[in-house]
Amino acid sequence: MISNEDDRVITDLAASKITLDEFYKRFSIDLLSNPHSLREMWKMAIQEKDKETMQNVLFVECYLYSDKYGPWRPDDYYIEDIRRLMKEYWHEQHEELLDILIAVRDDKKDERLYIDVLHTTFPYYEDQEAEETFMVPIWTKCIWKLASIGTPTAIKSVKELKNSPYEYIRNTVEQQYELHGWNK
259 MISNEDDRVI
269 TDLAASKITL
279 DEFYKRFSID
289 LLSNPHSLRE
299 MWKMAIQEKD
309 KETMQNVLFV
319 ECYLYSDKYG
329 PWRPDDYYIE
339 DIRRLMKEYW
349 HEQHEELLDI
359 LIAVRDDKKD
369 ERLYIDVLHT
379 TFPYYEDQEA
389 EETFMVPIWT
399 KCIWKLASIG
409 TPTAIKSVKE
419 LKNSPYEYIR
429 NTVEQQYELH
439 GWNK
């Protein structure tokens, strides 16, 4: 979906080898004149399950937005796809997508999603070592988010992890008890 040359241009931008002006000159699509072209690439990447293009579009959108306005706050065009992509396993961008959802702060709408992620191991992290290395940070983000949401359901989901096999998860849950004054 993304040409090898465009992939190199995006990589160069990510590595700070080129300036944003140079990126605009070298990228095959004139993004200044065609601002919706990235959205079209995004939809096509999802449709074709093209994880590299999906990752590149997310990076470019975040980079271009943050250059103008600060941290990327995606609109509904992306958010509904991101929510759906959190439940699909053909890509490996779950932590990045989770970070975007957490930043958007639509707590009521995403509470169930955070709870579901707490009980999920993404297929590419299924062995014990990978699960501890990669899933524990994802679960930890969900614990913090659910504790901040603070509904009875969210709190119950966090408390259920008090006896997790992972020390870091147990410690994070313990922190929530202390921070929020929950009864033990």
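Residues in the sequence shown are numbered consecutively from 259, following the working numbering. Just so it is clear, CB atoms sit at the ideal spot from N, CA and C, and this is done for glycine as well. Note that the structure is a prediction, hence the values are computed from the model and not measured.
Where residue i sits in the DSSP three-state scheme
i    : result
K442 : coil
T391 : helix
L404 : helix
T398 : helix
P381 : helix
E346 : coil
K326 : helix
S422 : coil
A412 : helix
Q351 : coil
Where residue i falls, given that 16 or more other Cβ within 10 Å makes a residue buried
i    : result
D368 : buried
A273 : exposed
W397 : buried
Q305 : exposed
H438 : exposed
H377 : exposed
L290 : exposed
Y347 : exposed
T269 : exposed
T411 : exposed
T430 : buried
Cβ-Cβ distance between residue i and residue j below 7 Å
i    : j    : result
L371 : L355 : no
M299 : V315 : yes
D264 : F285 : yes
E389 : Y382 : no
T311 : M259 : yes
L419 : I427 : yes
L271 : F281 : yes
Closest by C-alpha distance to residue i, when choosing among the options
i    : options                : result
T277 : D325, I337, P395, Y382 : D325
H294 : L271, V318, I340, E389 : V318
I407 : K366, Y426, W440, V375 : K366
I373 : K417, Y426, I337, I340 : K417
Query raised in the report: Do the segment 388-408 and the segment 358-376 meet, that is, are 3 or more Cβ pairs less than 8 Å apart?
Result: yes
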